[in-house]
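**Student:**
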Amino acid sequence: MGDDLRIQLLRYRGTYGGLTAALLACGVATAVWHDQEAVLITGSLLTMVLWCFACAYAAYEVFRVLHAADDYLLLSVPGGGRAAVLVRGLALLIWLAVLAVVEVGCWAAAWVVRDAGPSAAQIAYAAGTRVVSLTAFLALAVLLALATKPLRARTWALISTIGALAVLIIAIGALQLALVRLQHPDYVWTMGIDTEYFGISQYATALPLAMRPRDLTSVAQTVLPVTAAVNLAAIGLAAAIWWPLRRQRLNLP
Numbered sequence: 543m544g545d546d547l548r549i550q551l552l553r554y555r556g557t558y559g560g561l562t563a564a565l566l567a568c569g570v571a572t573a574v575w576h577d578q579e580a581v582l583i584t585g586s587l588l589t590m591v592l593w594c595f596a597c598a599y600a601a602y603e604v605f606r607v608l609h610a611a612d613d614y615l616l617l618s619v620p621g622g623g624r625a626a627v628l629v630r631g632l633a634l635l636i637w638l639a640v641l642a643v644v645e646v647g648c649w650a651a652a653w654v655v656r657d658a659g660p661s662a663a664q665i666a667y668a669a670g671t672r673v674v675s676l677t678a679f680l681a682l683a684v685l686l687a688l689a690t691k692p693l694r695a696r697t698w699a700l701i702s703t704i705g706a707l708a709v710l711i712i713a714i715g716a717l718q719l720a721l722v723r724l725q726h727p728d729y730v731w732t733m734g735i736d737t738e739y740f741g742i743s744q745y746a747t748a749l750p751l752a753m754r755p756r757d758l759t760s761v762a763q764t765v766l767p768v769t770a771a772v773n774l775a776a777i778g779l780a781a782a783i784w785w786p787l788r789r790q791r792l793n794l795p
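Written out as structure tokens, the structure reads:
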């Protein structure tokens, strides 16, 4: 698996290397010009666009392993299609984790510039929960690509995968919001990255949801473990569904 994983990592180094550089540029700009509202808004929007592309591209590449007749790179992977899609999913998760580390690092640097640096525990928590959310996203994408495999028409399979993935992400986000509101009825929320505290948002897999008090006075007030627990539950559910299927061979297109 090591050589196959290395090949997959190299396959996407151009795309995700460019995304990493762009995300780093946005983070540096918001850290240096943190007192310029226009820069903060622009940086936040560009960050959202970059993340949307990174996640959508990763989900499509996972889909291609099982559905695209022109994807022959993983034909030699022992174990058939399921092993192949896991290798590609792991490679894409590593690249998404790199983006997450860059994002969290930029957030930490932005707060240091404002003389309100976060603790090491807060940085580690932010990075860890971000990776958990991305793992949940790719786990759902892999399962849905597998579930739509019986559909003969690739277009319909892709539409079904996108639709089901969107429904699941929204459902996870709604559950997170409901649980947070039960614990903190006074919290407000918005969709996207909140520039006032440089992206310390909660994530419903790939969907950023900023949840915080109306009068935010501390970074710690945005640490909501229940949202990470929901993402962990999604990973556990995906693993439970995958487990009985792990030994069944699935031929690639």
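Using our numbering, read the sequence shown as starting at 543 and increasing by one per residue.
The C-beta atom is built at its ideal place from N, Cα and C for all residues, glycine as well.
1. For the candidate residues Trp593, Ala633, Leu632, Ile714, whose alpha-carbon lies nearest to that of leucine 566?
2. Taking a contact to mean a Cβ-Cβ separation below 8 Å, would you say glutamine 718 touches valine 772 in this structure?
3. For leucine 641 versus alanine 596, is the C-beta spacing smaller than 8 Å?
4. Ignore the nearest five residues each way along the sequence and tell me which others in threonine 732's own chain have a CB closer than 6 Å to its CB.
5. Nearest-angstrom Cα distance between glycine 778 and alanine 681?
6. Let me know the alpha helix (DSSP H) ranges lying completely inside the segment 635-703, each 4 residues or longer, listed in chain order.
7. For alanine 746, count the other beta carbons within 10 Å of its own beta carbon; 16 or more makes it buried, fewer makes it exposed. Which is it?
8. How would you call alanine 573, buried or exposed, if buried means at least 16 neighbouring beta carbons within 10 angstroms?
9. With H, G and I counted as helix, E and B as strand and the rest as coil, what does DSSP make of arginine 548?
10. Please identify the residue among Gly623, Leu588, Val581, Arg630 whose C-alpha is closest to the C-alpha of glutamate 603.
11. Restricting to Cα atoms, I'd like to know which of Ala564, Ile714, Ser586 is closest to valine 879.
12. Need the endpoints of the alpha helix (DSSP H) that tryptophan 593 sits in, please.
13. Please give me, in chain order, every unbroken run of the beta strand (DSSP E) with length at least 3 that falls completely inside the segment 714-754.
**Tutor:** Looking at the atomic coordinates:
1. Trp593
2. yes
3. Yes. Within cutoff.
4. Sequence-distant Cβ neighbours of threonine 732 in its own chain, meaning closer than 6 Å and more than five residues away, are Ala752.
5. 9 Å
6. 662-689
7. buried
8. buried
9. Arginine 548 falls in the helix class under three-state DSSP.
10. Arg630
11. Nothing can be reported for residue 879, as the shown portion of the chain is limited to 543 through 795.
12. 579-609
13. 730-733, 744-746, 749-754
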